[in-house]
Amino acid sequence: MLSEERRKKILELLADEKTMSVERLARSIFVSEPTIRRDLMQLAKEGSIKRTRGGASYVNPDLVDWPFSFRQKENIREKNEIARMAARLVQDGDTLFLDSGSTCFCLARELLEKKDLSILTYGVNNARILAENETFHAQITCGRYMPKRTSIYG
Numbered sequence: 001m002l003s004e005e006r007r008k009k010i011l012e013l014l015a016d017e018k019t020m021s022v023e024r025l026a027r028s029i030f031v032s033e034p035t036i037r038r039d040l041m042q043l044a045k046e047g048s049i050k051r052t053r054g055g056a057s058y059v060n061p062d063l064v065d066w067p068f069s070f071r072q073k074e075n076i077r078e079k080n081e082i083a084r085m086a087a088r089l090v091q092d093g094d095t096l097f098l099d100s101g102s103t104c105f106c107l108a109r110e111l112l113e114k115k116d117l118s119i120l121t122y123g124v125n126n127a128r129i130l131a132e133n134e135t136f137h138a139q140i141t142c143g144r145y146m147p148k149r150t151s152i153y154g
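Terminal number for the sequence shown in UniProt numbering: 154, no gaps in between.
Here it is in structure tokens:
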């Protein structure tokens with residue numbers, strides 16, 4: 001099981017149980033306790049869980065800013081469909097703003113077929129994708145994105 005899959009499973013278990021010990025988590029997903037401890041450290045650093053002595057506690061998902069890597073894999077079919085539909089509304093030469101969310105990331109990929117778009121985003125992942133189209137004028141909110149240098153100035 002990959003680390004992201006394990007961490008997702010840990011979050012699911014904690015959502016059901018609210019609090020679990022390292023030992024119980026390890027038994028539940030058939031991995032070693034040191035592996036669980038490493039995963040819990042990472043999840044705690046991301047703010048997804050709260051570490052307790054010998055285990056972890058669930059954090060209300062409404063209060064969690066889920067990592068992009070998790071959000072990117074959720075409801076992917078729906079996000080891609082939304083992105084395709086939204087991309088049909090964008091014309092060559094348009095100016096738009098893209099949020100940093102995972103659905104807008106899907107939209108950024110769909111927009112690569114367009115020409116001469118001016119795009120402002122605060123999503124670094126979006127800026128990376130948008131840099132693939134040399135006709136785009138992509139800007140990141142903290143400055144001008146230089147696609148050839150993959151750097152930001154200003």
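Glycine included, each C-beta is placed from N, C-alpha and C at the ideal position.
Keep in mind that this is a model prediction, so the values were computed, not measured.
Which residues share a DSSP beta bridge with residue i?
| i | result |
| --- | --- |
| Lys-50 | Ser-57 |
| Ile-140 | Thr-121 and Gly-143 |
Give a yes or no on whether the C-beta atoms belonging to residue i and residue j are separated by under 8 angstroms.
| i | j | result |
| --- | --- | --- |
| Met-20 | Ala-44 | no |
| Leu-130 | Ile-119 | yes |
| Val-90 | Lys-114 | yes |
| Ser-100 | Arg-71 | no |
| Leu-117 | Phe-136 | yes |
| Leu-98 | Asn-126 | yes |
Return the CA-CA distance between residue i and residue j, expressed in angstroms with no decimal places.
| i | j | result |
| --- | --- | --- |
| Glu-12 | Gln-42 | 16 angstroms |
| residue 159 | Ala-83 | There is no way to answer for residue 159, as the model of the chain reaches only from 1 to 154. |
| Phe-30 | Met-1 | 10 angstroms |
| Lys-18 | Tyr-58 | 5 angstroms |
| Ile-27 | Glu-81 | A quick correction: the sequence has Arg, not Ile, at residue 27. Cα-Cα distance, rounded: 38 angstroms. |
| Arg-149 | Thr-141 | Since pLDDT at Arg-149 reaches only 44, below the 50 mark, its modelled position is unreliable, and the value read off the structure follows with that caveat. If you take the alpha carbons of Arg-149 and Thr-141, they lie about 17 angstroms apart. |
| Arg-77 | Gly-143 | 33 angstroms |
| Arg-37 | Asn-60 | 21 angstroms |
| Lys-73 | Lys-79 | 10 angstroms |
Could you work out which residue in the options is closest to residue i when comparing CA atoms only?
| i | options | result |
| --- | --- | --- |
| Glu-33 | Lys-18, Ala-15 and Gly-54 | Gly-54 |
| Leu-40 | Thr-141, Asn-75, Glu-4 and Gly-143 | Glu-4 |
| Ile-49 | Lys-9, Ala-87 and Ala-86 | Lys-9 |
| Ala-86 | Ala-108, Glu-134 and Arg-128 | Ala-108 |
Check your understanding: If you scan the stretch 57-123 from start to end, which runs of the beta strand (DSSP E) of 3 or more residues do you find wholly inside it?
Key -> 95-98 and 118-121
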